[in-house]
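Residue numbers (the working numbering), protein chains in the order written: chain B, 62 to 351; chain G, 1483 to 1781; chain E, 596 to 960.
Where a beta carbon is used, it is the ideal one built from N, C-alpha and C, also for glycine.
As the structure is a prediction and not an experimental result, all values here were calculated from the model.
Here's the structure we're looking at; comments come further down.
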């Protein structure tokens, strides 16, 4: 008995977490998947009816907006955050004397809750008293900057706030990547007389391909999950112009009482995330085993 | 770090002034970006110190003429979140009550899990780790509905223990990942030597691994604390009037439709809600960054 | 008396991959057994199986006559020194050495006594309060040895303990381990990929390849009578010359015909009556090809060879020529007259050659 315990302690220690993950992650995903195939409304029903919820979902104009927004928001957010992050990292890599302080300033938004970020930008961008009013106060009477309340532009305010929050983090990732490139290769290039910008484009940036991938994965993951920022900044409005799948799902689950729609939209979100993350994780785990 | 300025030394003569100008442009550019990142914090702070009157008549980025802490007092103990008008104070303490146990428990479990996966490899340990890793990446929306029902079934719906439970469960993936990646870099010969010395599973963990773990514990605690303190989705989904965390309360204050909009109070409340994680960042920034990069760069 | 270590029909596999196949070894009290082979040959796995750190898939391991197959490492009465030394980084040297005793509940007084004794033995007294991070490689090595010595076990296990040291220190520590073994009279099992280490330390060598034992024997047996082509090639530096040849039995013994680069052939006569097949591979160690004017033994046969390359190495000069389509190295005098492109008269000591079958690789004489 004691010997059995001794031999199986590692397994016993792992068991609670293993069971928890099986139930609360995989079991719950299965539950949501199941319910997304039923006619559940206010209460879950368990008779499978096929894909009616998905049909309803893709027939819904609100979902169409939310899903479309995800791609507009996601693309702009990821591309701009990566470009900005890389640019800042390269600028900071030039022997800047105050690097530590500047890095701290660029990165601090990542420590804040998206609710705080949203609240701050909501105030800054509000047309009545914020930026617009300020510039008009300077004498530019016709200046307008009312994206926050413009259904066609409001989504860009979310992009702006999200970039403000996350680009410093991308910079930190890239900076770490720049510093990890083998110094001897760079020295060799310098001895060969290759100009600095060529050293970056031809040697350093290609060597950082894994970091680009990581940054992309993290940012796309953030984009699909972003919920707090929309709630705090626009509340999904005006109307539902800035809805994202995350807010759509929440509205269906907790204010509309439409469990079927909530479940099916959650499943679509998961499919989007997994179509990005699974190949990445799979290759990561495989390269580790091999 | 690589000194790339070396590469430019060949063309000296006309290069000197050119380089100086470039250098200045570089610093100015960096400064402009610093302003971009600092602006919202600055605006929040100045707005919170102004009276409503001054906000209405003044400039967004102007410094307050008369500094007043009235808005802070209101935000802390009087502002209304829906029908309740006690400020963010009770919710701030809710967040503390949720975050501390959740951070401690998930870190401890993560340390044990990471130790097993990294050092006591057995058939199935890798499967466990892969399952955990995939679990880190699910959008939580996919577990909201069943979790709400399960919390109801076990009588934890709308309670603080319920929220602690949720944060522990969905924090485990990352804490396990952190510790596993840290422990996997410790040579397995150390475990073998301790086994030959006669130490068992817990003894090895306690005497050898735990004393080595301070850096990763700091990273994990900071990561978990930031995640849990800043959480909104679980807070808004699984809490009720008395148990909401501070992020939910902040959102309620900002979006409460009753009365006139008190922007200064909103900003003060936002700063209060952001202060703990901001402090952590300022005090232990190095570890904060390490957690961010470790959590995302390497699986 | 029962052998101190006895391994019978041991098998080890990971899934479907067999790492160790039918291992049988036994050593007596006081033996120094060296497991040697190229990396991936299973020698470290075998050591881990002896220690109980890896479960075995079949067979048995007996230590001091007791079946240890399902006994955990701590109860096998062994001590182990690892390649990376595996010192506990947060503990001082003294704590590292006494940790095992502390875990086993040995009283403080005994702990202090044994620590003092071992520290004196290894001359590490000044280091006792330092952490491993502040020690040099050689010092860490000593501490790791100390941790093993303090156990006073039935069996010491060493897993490539010198491979992380620089060349000079390695030779020093090798001598020290040897003298330690002689002083203590302890039984040791030692894993290495370095055949010189194996030759200098062992009382008994096990040469392994691909999870299979190739040969067991004393260093002299392994060196002089390699059981197959692999052992012949692996043990010794520079390696044994393995030259394809034709053998023919005659009245005067066996004639060995080796093709020359220039065409034609070199014929040597082994006076022993060997029944060899026609195609053989003859194995000659470089030191058994010498300058002809040197002391030529009774079994020596002289022949002229054109030297291609001359490599002076201080005490000796190595001459490389081509015979039987192979580069053949001869170990000549430092003052040899051999020069590239010049014909040199060499003496082949046929009393010390080995013959192998080209197809099976097995020894024929």
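Proximity below 8 Å, CB of residue 853(E) to CB of residue 919(E): In the third chain, residue 853(E) corresponds to position 258, counting from 1. In the third chain, residue 919(E) corresponds to position 324, counting from 1. The Cβ atoms of residue 853(E) and residue 919(E) lie closer than 8 Å to each other.
Beta-carbon neighbours of residue 694(E), restricted to chain G and to distances below 8 Å: Working through the third chain from its first residue, we reach residue 694(E) at position 99. The contacting residues are 1676, 1679, 1681, 1689.
Residue 862(E) versus residue 649(E) - alpha carbon distance: Locating residue 862(E) in the third chain gives position 267, counting from the first residue. Locating residue 649(E) in the third chain gives position 54, counting from the first residue. The alpha-carbon atoms of residue 862(E) and residue 649(E) are separated by roughly 53 Å.
Which listed residue (811(E), 688(E), 695(E)) has its alpha carbon closest to that of residue 629(E): Residue 629(E) sits at position 34 when you count from the first residue of the third chain. With distances taken between Cα atoms, residue 629(E) lies closest to 811(E).
For residue 727(E) and residue 738(E), believed in contact at Cβ under 8 Å, the rounded distance: Residue numbering aside, residue 738(E) sits at position 143 when the third chain is read from its first letter. Residue numbering aside, residue 727(E) sits at position 132 when the third chain is read from its first letter. With a contact defined as Cβ atoms closer than 8 Å, residue 738(E) and residue 727(E) qualify at about 7 Å.
Range of the contiguous alpha helix (DSSP H) that encloses residue 1647(G): The residue you call residue 1647(G) lines up with position 165 of the second chain. DSSP places residue 1647(G) inside the alpha helix (DSSP H), whose first and last residues are 1642-1665.
Cutoff 8 Å: residue 1538(G) Cβ touching any chain B Cβ: Taking the first residue of the second chain as 1, we reach residue 1538(G) at position 56. Residue 1538(G) counts as touching chain B.
Residue span of the alpha helix (DSSP H) that contains residue 776(E), given as start and end: Position 181 of the third chain, counting from 1, holds the residue named residue 776(E). Residue 776(E) -> alpha helix (DSSP H) spans 762-779.
Within 9 Å of chain C by C-beta, residues of the segment 1545-1570 of chain G in sequence order: The chain labelled as chain C is not found among the protein chains of the depicted structure, namely B, G and E.
Range of the contiguous alpha helix (DSSP H) that encloses residue 689(E): By one-based count along the third chain, residue 689(E) stands at place 94. Residues 688-698.
Under the three-state DSSP convention, the category residue 848(E) falls into: As a first step, residue 848(E) must be located in the third chain, where it is residue number 253. In the three-state reduction of the DSSP assignment, residue 848(E) falls in the strand class.
Neighbour flag for residue 1529(G) against chain B, beta carbons, 8 Å: Locating residue 1529(G) in the second chain gives position 47, where the first residue counts as 1. With respect to chain B, the C-beta atom of residue 1529(G) has a partner C-beta closer than 8 Å.
Cβ of residue 1621(G) within 8 Å of any chain B Cβ: To locate residue 1621(G), count along the second chain from 1; it is residue 139. At a cut-off of 8 Å between C-beta atoms, residue 1621(G) counts as an interface residue with respect to chain B.
When 1687(G), 1641(G), 1591(G) are compared against residue 1656(G), the one with the closest alpha-carbon: The count along the second chain starts at 1 and reaches residue 1656(G) at position 174. Checking every option, the nearest Cα to that of residue 1656(G) belongs to 1591(G).
Own chain, CB closer than 7 Å to residue 236(B), minus 5 neighbours either side, in chain order: For the purposes of this step, residue 236(B) is taken as residue 175 along the first chain, with counting starting at 1. Taken in chain order, the residues that qualify are 150, 153, 154.
Touch test, the segment 785-796 of chain E against the segment 753-762 of chain E, Cβ-Cβ under 8 Å, three pairs minimum: With a cut-off of 8 Å on Cβ pairs, the segment 785-796 of chain E is in contact with the segment 753-762 of chain E, counting three or more such pairs.
Residue 323(B) beta carbon less than 8 Å from that of residue 314(B): Locating residue 314(B) in the first chain gives position 253, where the first residue counts as 1. Locating residue 323(B) in the first chain gives position 262, where the first residue counts as 1. It is a contact, given that the beta carbons lie within the stated cut-off.
Residues near residue 311(B) in its chain [Cβ-Cβ closer than 7 Å; skip 5 each side]: The residue labelled residue 311(B) in the question sits at position 250 within the first chain. Result list for residue 311(B): 288, in chain order.
Same chain, Cβ closer than 7 Å to residue 1754(G), neighbours up to 5 away in sequence not counted: One-based indexing of the second chain puts residue 1754(G) at position 272. Close CB contacts of residue 1754(G) within its chain, under the 7 Å cut and outside five residues either way in sequence, are with 1557, 1558, 1570, 1574 (chain order).
Counterpart residues of residue 926(E) in DSSP-defined beta bridges: Residue numbering aside, residue 926(E) sits at position 331 when the third chain is read from its first letter. Its beta-bridge partners are 913(E).
Sequence ranges, alpha helix (DSSP H) only - wholly within the segment 160-208 of chain B, length at least 4: Complete alpha helix (DSSP H) runs here, min 4: 160-168, 175-186, 192-198.
Local Cβ density within 10 Å of residue 938(E), reported as buried at 16 or more and exposed below that: Residue mapping note: residue 938(E) aligns to position 343 of the third chain, counting from 1. It is exposed - the Cβ of residue 938(E) has fewer than 16 other Cβ atoms within 10 Å.
Minimum Cβ-Cβ distance from residue 64(B) to chain G less than 8 Å: Reading the first chain from its first residue, position 3 is the one you call residue 64(B). Not an interface residue.
Contact set for residue 934(E): own chain, Cβ-Cβ below 8 Å, skip 5 residues either direction: For the purposes of this step, residue 934(E) is identified with residue 339 of the third chain, where counting begins at 1. The answer, listed in chain order, is 902, 905.
Where the beta strand (DSSP E) containing residue 798(E) begins and where it ends: For the purposes of this step, residue 798(E) is identified with residue 203 of the third chain, where counting begins at 1. In the DSSP annotation of this structure, residue 798(E) is not part of any beta strand (DSSP E), being labelled neither H nor E.
Those residues which DSSP pairs with residue 1019(E) across a bridge: Chain E is shown only over 596 to 960; residue 1019(E) falls outside these bounds and no answer can be derived.
Coil, strand or helix - residue 1562(G) by DSSP: Here residue 1562(G) corresponds to residue number 80 of the second chain, with the count starting at 1. Residue 1562(G) falls in the coil class under three-state DSSP.
Cβ-based contacts, 7 Å cut-off: residues of the segment 109-120 of chain B near chain G: Those would be none; no residue qualifies.
Which of helix, strand or coil DSSP assigns to residue 868(E): Counting from one through the third chain, the residue named residue 868(E) turns up at place 273. Coil at residue 868(E), not helix or strand.
Nearest-angstrom Cα separation, counted from residue 1623(G) out to residue 803(E): Indexing the third chain from 1 puts residue 803(E) at position 208. Indexing the second chain from 1 puts residue 1623(G) at position 141. Cα to Cα, the separation comes out at about 57 Å.
Which listed residue (75(B), 285(B), 105(B), 74(B)) has its alpha carbon closest to that of residue 138(B): For the purposes of this step, residue 138(B) is taken as the residue at position 77 of the first chain. The residue from 75(B), 285(B), 105(B), 74(B) with its alpha-carbon nearest to that of residue 138(B) is 285(B).
Reduced DSSP secondary structure (H/G/I, E/B, other) of residue 789(E): As a working note, residue 789(E) is residue 194 in the third chain. If DSSP states are grouped into helix, strand and coil, residue 789(E) belongs with coil.
Proximity winner among 746(E), 928(E), 679(E), relative to residue 712(E) (alpha-carbon distances): The residue labelled residue 712(E) in the question sits at position 117 within the third chain. Taking residue 712(E) as reference, the option from 746(E), 928(E), 679(E) with the minimal CA-CA separation is 746(E).
Nearest neighbour of residue 956(E), chosen from 667(E), 827(E), 644(E) [CA to CA]: By one-based count along the third chain, residue 956(E) stands at place 361. For the residues 667(E), 827(E), 644(E), the minimum Cα distance to residue 956(E) belongs to 827(E).
Sufficient close CB pairs (3 or more, under 8 Å) joining the segment 1602-1614 of chain G to the segment 95-114 of chain B: Cβ pair count under 8 Å is below three, so no.
Neighbour-count burial assignment, residue 883(E), 16 or more Cβ in a 10 Å radius: Here the question's residue 883(E) lines up with position 288 in the third chain. A residue is called buried when at least 16 other Cβ atoms come within 10 angstroms of its Cβ; residue 883(E) meets this threshold and is buried.
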